Every structure is written in structure tokens, then in C-alpha cells.
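Asker: Under the numbering used here, the first residue of the sequence shown is numbered 8, with each subsequent residue one higher.
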Amino acid sequence: MHDSILQSVGWTPLVRLRRLAADVSATVCVKVESLNPGGSVKDRVGVAMVAEAEQRGLLRPGGTLIEATAGNTGVGLALVAQKKGYTCVFVCPDKVAKDKIDVLRAYGARVEVCPTAVDPEDPRSYYSVSDRLAREIPGAWKPDQYSN
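1) Whose C-alpha, out of 84, 34, 108, 23, is nearest the C-alpha of residue 12?
2) Expressed to the nearest angstrom, what Euclidean distance is found between the alpha-carbon atoms of residue 8 and residue 18?
3) Assess contact between the stretch 108 to 116 and the stretch 134 to 146, defined as three or more Cβ pairs (one per stretch) separated by less than 8 angstroms. Is contact present?
4) Please classify residue 38: does DSSP put it in a helix, a strand, or coil?
5) Give the single residue among 54, 66, 75, 124 whose Cα lies nearest to the Cα of residue 147.
6) Around the C-beta of residue 72, are 16 or more other C-beta atoms found within 10 angstroms, so that it is buried, or is it exposed?
7) In the DSSP output, what is residue 131 paired with across the bridge?
8) Taking the straight line between their C-alpha atoms, what separation do you get for residue 122 and residue 131?
9) Can you tell me whether residue 102 is buried or exposed, with buried defined as 16 or more other CB within 10 angstroms of its CB?
10) The beta strand (DSSP E) with residue 75 in it runs from where to where?
11) State the DSSP-derived secondary structure class of residue 23, mapped to helix, strand or coil.
12) Bridge partners for residue 147 per DSSP, in chain order?
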């Protein structure tokens, strides 16, 4: 039993692949990361990035996570932020499925949607908007998954 949903991240089943690896002398297994609380391996990423930012003093109580995301990393970060009391602002390209945006909002995140059909350097791109918000919002921290 876990005291927090965050403690359950990573405790997913390891399944041996007997038939698929029948001709292999080694034991072949897969980790079923889709059974993490947020539904993907990116839950681990969210937990690790936030823990490191807290440890380094980059993210303080009451802070805001700002991230450009197209999906699962945002969900992992939102899961952690909700549990730890951080505000989340995610900046997504307009190609992201509505159900993914709905999940981010269900975790309490604010979601800004930006046009996909612009260069990354364009001030309207989701990269540029997330950079601008990280500069403008006091107490903001940007995990920057694409450069990290």
C-alpha cells in the first residue's frame, strides 16, 4: 500500500515474454508502464524532474510549472503538480488531441493552445510561448523536456 499516488509511479508489472522469446536463451521481459497512474512511462519523468528542481531550489512551494508539451510528459507533470500543490501551465500545439488537453485540464492545469504551422522561433509557437510565460510568471520553473 502506498501513502501517495506518487509512490505508486514505477511500480508497474514486469511480464516475461515466453512465446516471443522462445528461441532466445535469455529471459526477456517487458515493463508495463501504461499501468502508471498517469498512463505512461512519462510519469517517472515528471516525478524525477520535479524532485530534482525542488532539490536544486528551482521550484519552490506555491511555484508554477510551465512546459511545452504534446502529451504524456504534461500528464506526468500535472499528476505530480496536483499532488504537491503546484500550478501548471501547459502550452500545446493545436495538433494535440482534445482528450489529451481535457486530461491536463482535469488535473487542474491551464492549457494554452498554439498554432503548429509556424516556425519554432515564431513568437506564436508553443516553444516560444512557453519560454515567454516562464519569464513572465513569478515563481515559474520550466522543465524544458525537449532540451533536458
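Backbone N, C-alpha and C fix where the C-beta goes; we use that ideal spot for every residue, glycine too.
All of these numbers come straight from a predicted model, not from anything done at the bench.
Answerer: In terms of the structure at hand:
1) As a working mapping, residue 12 is identified with position 5 in the sequence shown. Nearest of 84, 34, 108, 23 to residue 12, Cα basis: 84.
2) Against the sequence shown, residue 8 aligns to sequence position 1. Against the sequence shown, residue 18 aligns to sequence position 11. Their backbone Cα atoms lie some 11 angstroms apart in a straight line.
3) no
4) Locating residue 38 in the sequence shown gives position 31, counting from the first residue. Here residue 38 sits in strand by DSSP.
5) The residue given as residue 147 occupies position 140 in the sequence shown. The shortest Cα separation from residue 147 among 54, 66, 75, 124 belongs to 66.
6) Numbered from its first residue, the sequence shown carries residue 72 at position 65. Label assigned to residue 72: buried.
7) Here residue 131 corresponds to residue number 124 of the sequence shown, with the count starting at 1. According to DSSP, residue 131 bridges with nothing at all.
8) Taking the first residue of the sequence shown as 1, we reach residue 122 at position 115. Taking the first residue of the sequence shown as 1, we reach residue 131 at position 124. So the two alpha carbons sit approximately 7 angstroms from each other.
9) Taking the sequence shown and counting its residues from 1, one reaches residue 102 at position 95. The residue is exposed, with fewer than 16 neighbouring Cβ atoms inside 10 Å.
10) As a first step, residue 75 must be located in the sequence shown, where it is residue number 68. Its beta strand (DSSP E) spans residues 71 to 75.
11) Residue 23 sits at position 16 when you count from the first residue of the sequence shown. Correct three-state label for residue 23: strand.
12) For the purposes of this step, residue 147 is taken as residue 140 along the sequence shown, with counting starting at 1. In DSSP, residue 147 forms a bridge with 71.
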